[in-house]
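Numbering (our numbering), first residue to last: 975 to 1202. Inspection log for the structure reproduced underneath, given as structure tokens.
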């Protein structure tokens, strides 16, 4: 397992951001490649993520929030909410445009769909490809815990641009809701985040992954859902 640390908190902002993303990439790689019980690997992921939030200069938290940070809350680990599923690419490859305050228009394209069962109910989720330089897979979702137990704007399950990626088992994509995490705008209003479109709003409660950040649940959803 990788032990994450902040080597130089005085780095210039751009290098600090590169360092943060490198740490995230190493953290997910350690989950994918690490031996042992899946719950132990998940606990390692939690500890690494909390370390970055508490100490890294590119944490989603402001310095004032970091000074009072006491950890992130999660639902108990549920092995039934880990899936290795085929990606159905026979979908309408529609494009969506998202306007972000600082980054301008961000375009993404529906590129596939996964079908799973949660609480004995069949549900499906669309995957999107972020268009532009490099690109990447993106899977945001909402569910019936939002605005109560979890952040009102929903959570992310996969974002390969930011290295949030649990990999594959053969030709099957690994999606583990125990790793569902909040977008940065759930912690601090300086961030703008792409949120799940209507088709990724699940009719079930997904009680796995990260809870709403304390005091943030009632603040609303400052992120932006994509528009056609």
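Cβ coordinates follow ideal geometry from the N, Cα and C atoms, glycine included.
- In terms of Cα proximity to residue 1011, the closest of 1047, 1052, 1034 and 991 is 1052.
- Secondary structure note for residue 1165: it is in no beta strand (DSSP E), with a DSSP letter that is neither H nor E.
- For residue 1099, the closest of 1072, 1017 and 1178 by C-alpha to C-alpha distance is 1178.
- Bounds of any beta strand (DSSP E) do not take in residue 1180, whose DSSP letter is neither H nor E.
- The beta-bridge partner set that DSSP reports for residue 1097 consists of 1090.
- With a beta-carbon spacing of about 7 Å, residue 1127 and residue 1159 fall inside the 8 Å limit used to define contacts.
- Counting C-beta atoms within 10 angstroms of its own C-beta, residue 1022 has 16 or more neighbours from the protein chains shown and is therefore classed as buried.
- With 16 or more other Cβ atoms from the protein chains shown falling within 10 Å of its own Cβ, residue 993 counts as buried.
- Comparing C-alpha distances from residue 1123 to each of 1066, 1143, 1047 and 1079 shows the shortest one belongs to 1047.
- For the pair residue 989 and residue 1150, the Cα-to-Cα distance works out to about 30 Å.
- In terms of CA proximity to residue 1092, 1055 leads the group 1018, 1033, 1055 and 1157.
- Residue state for residue 1047 is assigned as coil, using DSSP reduced to three classes.
- When C-alpha distances from residue 1156 are compared across 1181, 1005, 995 and 1187, the shortest belongs to 1187.
- In this structure, residue 1001 sits away from residue 1097, with a CB-CB distance that is not shorter than 9 Å.
- For residue 1055, no alpha helix (DSSP H) encloses it, and the DSSP letter there is neither H nor E.
- Counted as a single uninterrupted DSSP element, the alpha helix (DSSP H) harbouring residue 995 occupies residues 987–1007.
- Residue pairing of residue 1104 in beta bridges, as defined by DSSP: 1082 and 1110.
- Closest in alpha carbon position to residue 1113, among 1087, 1125, 1095 and 1106, is 1087.
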